[in-house]
Amino acid sequence: MKNREDIICGYHILEVLGSGGQGTVYLAEHEVLQRKYALKYAYGAEREQLRREADVMKALTDRRIPYLVDQIETKDVSVLVMEYVEGIGLDAYLKERVPLEEDKALALLQQITEIAAYLHEQKGIVAHRDLKPANFVIAKDGSLHLLDFGTALTGMESLHRHDTCGTPGYAAPEQMQGGRSGMEADVYAIGAMYAYMLTGIEPTLPPFHPAGADEWPDSVSVESKALLKEALDPVKEKRPQDAVCLLEKIEAVKKRKRLLWPVLERMLYQTILVMDTMTASVLVWLRYRETPVERAEMICGGITLVVLLWCALRGMFGPKRRFVVAREWNVTYTAKEMWGL
Ligand SMILES: Nc1ncnc2c1ncn2[C@@H]1O[C@H](COP(=O)(O)OP(=O)(O)O)[C@@H](O)[C@H]1O
Ligand SMILES: [Mg+2]
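Residue numbering for the sequence shown follows this note's numbering, beginning at 11 and increasing consecutively.
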């Protein structure tokens, strides 16, 4: 907290929200507006970087990225005032839950990639270059938000800038080697996050790289494994070139998974129903042939037949439902398309 006043330009500092490589972020309340904001402080050489961060952020208007409120410059310090996203860090959220089931990991992967795709689609093309769970927050309404544009580059810069940046474990090889890095580096980091979600192996610990193919669980689908392989390719030209391409591949993985399993499930379910119906019919028929049938037996057999036929018809033509399988932090996971149940 060195050099920091408890109040700056009407913002009362309340507590530390977090600190990383590029300064400390405080929670503050504006004395007139009575609203809370996040204030990111930078001193000395880091001030220039904070100004660059502000330049990138002011061009972004998506609700999943904190909006810039103010930029304060005093003799000693630069302060970036931004929207406060109240929630839980994705790093803390995942720490308690990894390894995740593939469907949950895929749903999160999609949300992460959608935000990155928004950046990569901007006119000036923005690469974040430090995507990792600690830079995402899950807000109270369950939506995911991306923070920390300290290492972000616009498209023109990424054409000629060589630097070492990012977080070991999530940073692509070209970032660690001080080469030119851009959107493909974001794709790599997203791949590293997916590997972490599926395996629980923390890439920010030695040996500082994402879990390799031999560590991915057998239960993970071949489609997801192929996606991981592509995203984590050490050669940046071989990766999907931006998050928009990656998003298309994620959609394809989801579609293939969705197509295969429910069809098999539906076939199995309907086969059982048909066999049940036939067995019940044969039993009733045999009973009827052998001896004069008791009235009660006929009624029971008849009811069984009607119920089974109804189930079979519903299975074939009935509505496809969604079932809530888990609800956490207002994020609802649903299993789709369970035919006939
Ligand atoms: N707008 C914000 N709302 C809520 N928390 C924030 C916000 N900005 C930063 N934080 C918290 O502060 C931490 C550090 O901020 P970050 O911008 O990532 O700084 P650094 O560049 O030092 O890593 C984040 O991990 C997060 O916990
Ligand atoms: Mg950070």
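All residues carry an ideal CB built from backbone N, CA and C; glycine is no exception.
Would you say the region 287-295 touches the region 157-169, given that touching needs at least three Cβ pairs under 8 Å? The region 157-169 and the region 287-295 do not touch, with fewer than three beta-carbon pairs separated by less than 8 Å.
DSSP state of residue 43 mapped onto helix, strand, coil: Assigned with DSSP and collapsed to three states, residue 43 falls in coil, not helix or strand.
Quick one: using the 10 Å Cβ neighbour count with 16 as the cut-off for buried, is residue 187 buried or exposed? Residue 187 is exposed by the Cβ-count criterion.
beta-carbon residue 32 near ligand 2 non-hydrogen atom, thresh 8 Å: At least one heavy atom of ligand 2 is found less than 8 Å from the C-beta of residue 32.
Residue 152: beta carbon under 8 Å from a heavy atom of ligand 1? No, the beta carbon of residue 152 sits no closer than 8 Å to any heavy atom of ligand 1.
So is the beta-carbon of residue 92 under 8 Å away from any non-hydrogen atom of ligand 1? Indeed, a heavy atom of ligand 1 lies less than 8 Å from the Cβ.
Indicate whether residue 67 and residue 90 have their beta-carbon atoms separated by less than 9 Å. Their beta carbons are under 9 Å apart, which means residue 67 touches residue 90 by this criterion.
Count the other CB atoms within 10 Å of the CB of residue 36; is the residue buried (16 or more) or exposed (fewer)? Counting C-beta atoms within 10 angstroms of its own C-beta, residue 36 has 16 or more neighbours from the protein chains shown and is therefore classed as buried.
Helix, strand or coil at residue 81 [DSSP, three-state]: Of the three classes helix, strand and coil, the one that applies to residue 81 here is strand, per DSSP.
So is residue 17 buried or exposed if we call it buried at 16+ other beta carbons inside 10 Å? Exposed, since its Cβ has fewer than 16 Cβ neighbours within 10 Å.
Is the separation between the beta-carbon of residue 179 and that of residue 218 shorter than 9 Å? By the CB criterion at 9 Å, residue 179 and residue 218 fall inside the cutoff.
Any heavy atom of ligand 2 within a distance shorter than 8 Å of the CB on residue 5? This structure cannot speak to residue 5, because the chain is shown only from 11 to 351.
Quick one: using the 10 Å Cβ neighbour count with 16 as the cut-off for buried, is residue 63 buried or exposed? Answer is buried; the Cβ neighbour count reaches 16.
So is residue 258 buried or exposed if we call it buried at 16+ other beta carbons inside 10 Å? A residue is called buried once 16 or more other Cβ atoms fall within 10 Å of its Cβ, and residue 258, having fewer, is exposed.
So what's residue 330 in DSSP terms, helix, strand or just coil? Note that residue 330 scores 49 on pLDDT, short of 50, meaning its location in the model is unreliable and no value can be drawn from it.
Say whether the region 122-136 touches the region 206-217, bearing in mind that this needs 3 or more beta-carbon pairs closer than 8 Å, one atom from each stretch. The region 122-136, when compared against the region 206-217, does not touch it at the 8 Å Cβ threshold.
Roughly how many whole angstroms lie between the Cα atoms of residue 30 and residue 241? Pairing residue 30 with residue 241, the inter-Cα distance amounts to about 26 Å.
CB of residue 157 to nearest heavy atom of ligand 2: below 8 Å? Checking the Cβ of residue 157 against ligand 2 gives yes.
Quick test of your reading: residue 164 and residue 197, contact by CB under 8 Å. State the CB separation rounded to the nearest angstrom. Their Cβ separation, rounded to whole angstroms, is 18 Å, which puts residue 164 and residue 197 out of contact at 8 Å.
Assign residue 177 to buried or exposed, taking buried as 16 or more other Cβ atoms, counted over all protein chains shown, within 10 Å of its Cβ. The residue in question, residue 177, is buried, as its Cβ has 16 or more Cβ neighbours within 10 Å.
Hey, residue 200 and residue 141 are a contact pair by Cβ (cut 8 Å); roughly how many whole angstroms apart? About 6 Å separates the beta carbon of residue 200 from that of residue 141, a gap short enough to meet the 8 Å contact definition.
Check the C-beta distance from residue 148 over to residue 97 and give it rounded, since I have them as a contact under 8 Å. Yes, they are in contact, since the Cβ atoms of residue 148 and residue 97 sit about 5 Å apart, within 8 Å.
Beta carbon of residue 134: closer than 8 Å to some heavy atom of ligand 1? No; taking the cut-off as 8 Å, the Cβ of residue 134 has no heavy atom of ligand 1 nearer than that.
Beta bridge counterpart(s) of residue 36 as assigned by DSSP: Partner(s): 26 and 49.
Kindly list the residues whose CB is nearer than 6 Å to the CB of residue 143, restricted to its own chain and excluding five residues on each side of it in sequence; keep chain order. Here the set comprises 100, 101 and 104.
Check: residue 160 C-beta below 8 Å from any heavy atom of ligand 1: Result yes, Cβ under 8 Å from ligand 1.
Backbone secondary structure at residue 148 - three-state DSSP: In the three-state reduction of the DSSP assignment, residue 148 falls in the strand class, which pools E and B.
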